[in-house]
Amino acid sequence: MAGVGSAAWISEERSSALQIVDQEIEEFSYSARNELEWINEHMAGILNENEMYAPRSRI
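Taking the UniProt record's numbering, the leading residue of the sequence shown gets 1, the next gets one more, and so forth.
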């Protein structure tokens, strides 16, 4: 293992930090995608119900 503060140590630490950041981004993106899918499904259901009960104009 490289000495603390050496170029090799800094490179290893940077690589580890980037892997952690990538994992956090992936987890956040997964959660955000699921939330958006959920809200889209529920809003579609609400809008469909509103269309059934909305008065239709007669022209």
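Where is the CB? At the ideal position from N, CA and C, for every residue including glycine.
Source: prediction; values computed, not measured.
Could you check the C-alpha separation between residue i and residue j for me, to the nearest Å?
i: residue 21; j: residue 12; result: 14 angstroms
i: residue 28; j: residue 37; result: 14 angstroms
i: residue 44; j: residue 50; result: 10 angstroms
i: residue 47; j: residue 26; result: 31 angstroms
Once you ignore the five residues that flank residue i on each side, which residues in its own chain have a CB closer than 8 angstroms to its CB?
i: residue 14; result: none
Are residue i and residue j touching if we call contact CB-CB under 8 angstroms?
i: residue 8; j: residue 17; result: no
By Cβ distance below 7 angstroms, which residues in the same chain neighbour residue i in space, the five residues on each side in sequence not counted?
i: residue 24; result: none
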